[in-house]
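Protein chains: 2
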Amino acid sequence: MLQKTNFFVYPNLTPKDSLFVIQNAVAKQSVLLIVGNCRVDYEGRASSKLDWGERLVMIKSDRSILIHRSTGYEPVNWQPPGCIIQTELVSGIDLKIRAIRSQPRETLEILFDELSLVTILNLVDKGAFSLYVSEEDIKKSIMLRPSLIEENFRCIIDEKMQPTGFIDIFGVDEEGNPVIIEIKRGTVRKEAVIQLRGYVEPLSKTNPKIRGIIAAPKLGKGIKPLLDSMNLEYKRINVKKCAEILKRSEGSKISDFFTKPKS
Amino acid sequence: MLQKTNFFVYPNLTPKDSLFVIQNAVAKQSVLLIVGNCRVDYEGRASSKLDWGERLVMIKSDRSILIHRSTGYEPVNWQPPGCIIQTELVSGIDLKIRAIRSQPRETLEILFDELSLVTILNLVDKGAFSLYVSEEDIKKSIMLRPSLIEENFRCIIDEKMQPTGFIDIFGVDEEGNPVIIEIKRGTVRKEAVIQLRGYVEPLSKTNPKIRGIIAAPKLGKGIKPLLDSMNLEYKRINVKKCAEILKRSEGSKISDFFTKPKS
DNA sequence: CGTGCCAGGTGCCAT
DNA sequence: ATGGCACTTGGCACG
């Protein structure tokens with residue numbers, strides 16, 4: 001049976017001995033945790049100095065670096081991903097870790113005079129992360145507050161259209177122009193644009209002033225030009241706002257928020 | 001000789017055995033690092049789901065909680081300081097950690113089916129952290145860009161005043177009113193207000209339109225009313241902007257940026 | 001590459 | 001508690 005060892009723990013390393021361990025871990029893109037007594041200097045957009053004390057330094061696979069004290073959600077000092085990590089023995093007894101970022105030019109220097117614990121982690125993590133509200137939640141939110149689309153936008157329920165059921169929201173803008181809204185709960189891809197185009201196209205023959213809007217939290221890369229070329233629009237939806245709107249009016253029925261079309 | 005053991009490492013704990021260790025560490029306000037295979041659900045202002053994978057969970061002394069993947073400066077999920085940490089054994093084999101925040105109501109649930117490494121840290125950290133530019137830097141910055149004080153503010157060098165040397169900056173505002181500026185590199189305390197008052201007071205007898213402004217990055221608690229009562233003003237100085245301004249015009253002499261007074 | 005905008009922003013101090 | 005504002009904001013998409 002294979003022993004799974006996805007971590008290595010080095011207690012009480014001397015700074016001298018730590019050099020190879022740390023360099024190696026950084027080179028192998030492991031996650032590196034260094035606990036010890038240190039001093040931190042940051043110079044860049046601003047400057048800061050942190051006197052001696054015990055902290056946890058985390059160097060991640062992407063060469064982001066975080067210095068955490070025992071309290072606070074935010075790291076006391078840091079460097080975003082992609083910085084250059086250098087290690088050096090100072091005066092033969094201290095470990096200096098330097099993290100340099102070039103754009104903007106910023107340097108972070110950590111000087112350890114004692115290392116209580118160095119840990120190397122090889123995290124296997126393919127899990128997908130999704131931040132979301134459902135498409136239905138977004139739909140409800142827009143119904144409840146049509147201004148999420150734009151000022152003076154109104155939702156219309158049209159019996160002739162409802163049975164078809166494929167258009168997410170139908171409404172009219174300030175000028176009275178008909179608007180078809182396609183909702184996506186995630187990032188807008190090409191397919192969604194094509195889909196909306198399919199709804200808008202036929203109707204635009206009878207009403208050339210009809211508008212098509214995609215409402216979603218995110219727009220995919222390169223989608224904006226596509227929308228422009230098809231004369232469609234994008235309205236960013238703030239997922240958090242949707243959650244607030246929904247919570248505030250728990251239990252309301254969607255149908256309550258439609259306006260009957262002018263007849 | 002006293003052996004300094006500010007950390008405890010528990011490799012390959014079973015979720016069952018971890019319960020006591022974790023609860024104890026949280027109770028003792030240690031910093032807790034938990035590495036293992038987990039799934040994360042967040043529900044609150046937004047919602048998120050993170051599928052199974054190996055991550056590092058950090059619970060700090062102030063009961064802030066951070067879930068870090070192997071990349072990214074930011075934690076994938078988190079809870080700010082002060083949340084309620086609960087632990088629970090699920091189905092007898094999995095460890096559930098729940099972190100609840102009440103304002104706004106948000107819940108974070110981490111389910112571990114395997115713990116590779118649990119570490120408890122007792123960090124001794126009294127080191128002061130200071131983010132700063134020097135008072136001299138701020139002075140230079142204002143000289144270089146007087147609009148840091150307000151639009152159309154001008155710095156004046158007045159030979160009659162210069163020898164005294166205790167006023168940081170003397171200038172005139174848009175209306176031509178004389179302005180005395182007191183600079184503090186840190187938080188404004190009562191003493192600084194008294195100090196400025198001392199400069200402004202005598203001069204206001206000959207020129208009642210004279211203004212006194214304290215320029216500093218921060219205003220101490222309760223200082224604003226004091227300033228108001230003494231008819232003095234506060235202008236917040238952005239330390240980062242100062243750094244930028246200084247960098248841009250490296251090596252310029254202060255005297256270059258004074259305007260000779262109208263004579 | 002700089003610019004603009006959003007974020008579960010967070011943190012800090014004001015009312 | 002609520003609101004306003006700054007942040008070494010970081011991150012992402014766009015020109």
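If you read the sequences in order, they're chains A and B. Following our numbering, the numbering of the first sequence begins with 1 at its first residue and continues without gaps. Following our numbering, the numbering of the second sequence begins with 1 at its first residue and continues without gaps. Using N, Cα and C, we set each Cβ at its ideal position, and we do this for glycine too. Note that this is a predicted model, so its numbers are computed, not measured.
Beta-carbon contacts of residue i that lie in its chain and below 7 Å, excluding the five residues immediately before and after
i: A/K262; result: With a pLDDT of 39 at A/K262, under the threshold of 50, the modelled position of that residue is not reliable, and the figure given next carries that caveat. None.
i: B/R154; result: P146, G171, V172, T259
i: A/S204; result: I210
C-alpha gap between residue i and residue j, whole angstroms
i: B/I120; j: B/V239; result: 37 Å
i: B/K247; j: B/L19; result: 53 Å
i: A/F112; j: B/K218; result: 31 Å
i: A/A25; j: A/V31; result: 7 Å
i: A/E74; j: A/K49; result: 16 Å
i: B/E174; j: B/L227; result: 21 Å
i: B/K241; j: B/L148; result: 9 Å
i: B/V133; j: B/I22; result: 41 Å
i: B/I85; j: B/I100; result: 7 Å
i: B/V9; j: A/A243; result: 41 Å
i: A/K60; j: B/L33; result: 15 Å
i: A/S91; j: B/R55; result: 36 Å
i: B/T206; j: B/I156; result: 18 Å
i: A/G72; j: B/V188; result: 24 Å
i: B/Y199; j: A/E150; result: 54 Å
i: B/T87; j: B/I93; result: 13 Å
i: B/E201; j: B/A192; result: 14 Å
Exposure label - residue i; buried when at least 16 CB within 10 Å
i: B/N37; result: buried
i: B/R236; result: exposed
i: B/S252; result: Low confidence applies to B/S252: its pLDDT is 48, below 50, so where it sits in the model is not reliable, and the reading given next is rough at best. B/S252 is exposed by the Cβ-count criterion.
i: A/I65; result: buried
i: A/K221; result: exposed
i: B/R105; result: exposed
i: A/N152; result: exposed
i: B/T164; result: Per-residue confidence for B/T164 stands at a pLDDT of 43, beneath the threshold of 50, marking its modelled position as unreliable; the derived number appears in the next sentence. With fewer than 16 other Cβ atoms within 10 Å, it is exposed.
i: A/S102; result: exposed
i: B/K126; result: exposed
i: B/V124; result: exposed
i: A/I67; result: buried
Beta-carbon proximity list for residue i, same chain, < 6 Å, skipping 5 on both sides
i: A/I181; result: D168, I169, I213, A215
i: A/E109; result: D41, R98
i: B/I183; result: E135, I138, K139, D168, A215
i: B/L117; result: P11, V35
i: A/T5; result: none
i: A/K260; result: Because A/K260 sits at a pLDDT of 44, beneath the cut-off of 50, its placement in the model cannot be relied upon, and the following sentence gives the value as read from the coordinates. Contacts found: none.
i: B/N122; result: N6, S30
i: B/D245; result: What sits at residue 245 of chain B in the sequence shown is Ile, not Asp. Cβ neighbours of B/I245 beyond the five flanking positions: S141, L144, R145.
i: B/I39; result: The residue asked about is misnamed: residue 39 of chain B is Arg in this sequence, not Ile. So the list reads W52, L111, once near-sequence residues are dropped.
i: B/M230; result: R197
Residue(s) in a DSSP beta bridge with residue i
i: A/G171; result: A/C155, A/V179
i: A/N37; result: A/E54, A/E114
i: A/N77; result: A/I67
i: A/V90; result: A/D94
i: B/V9; result: B/T119
i: A/I214; result: A/E182, A/Y234
i: B/E106; result: B/R101
i: B/E136; result: DSSP, once it has assigned bridges, lists no residue as partnering B/E136.
i: A/T187; result: A/K218
i: B/I149; result: According to DSSP, B/I149 bridges with nothing at all.
i: B/F129; result: A/L50
Closest by C-alpha distance to residue i, when choosing among the options
i: B/M58; options: B/R105, B/G222, B/P80, B/G127; result: B/P80
i: A/A46; options: B/C83, B/I138, B/C155; result: B/I138
i: B/W52; options: B/V35, B/S64, B/E43, B/I65; result: B/V35
i: A/L131; options: A/R185, A/T71, A/I85; result: A/R185
i: B/V179; options: B/R211, B/S204, B/V200, B/T107; result: B/R211
i: B/P208; options: B/N177, B/S229, B/G72; result: B/N177
i: B/E233; options: B/D62, B/I194, B/Q86; result: B/I194
i: A/S70; options: B/G72, B/E244, B/R63, B/S70; result: B/R63
i: A/T107; options: A/E43, A/T87, A/W78; result: A/E43
i: A/L13; options: A/T187, A/L115, A/G72; result: A/L115
i: A/F166; options: A/I67, A/T87, A/R197; result: A/R197
i: A/N77; options: B/A128, B/G82, B/R55; result: B/A128
i: A/G82; options: A/A192, A/M230, A/A27, A/I156; result: A/A27
Beta-carbon proximity list for residue i, same chain, < 8 Å, skipping 5 on both sides
i: A/L89; result: P15, K16, L19, L95, K96
i: B/K190; result: G220, I223, L226
Cβ-heavy atom distance, residue i to the ligand MG, below 7 Å
i: B/K247; result: With respect to small molecules bound, the structure shown includes none, and the ligand MG cannot be examined in it.
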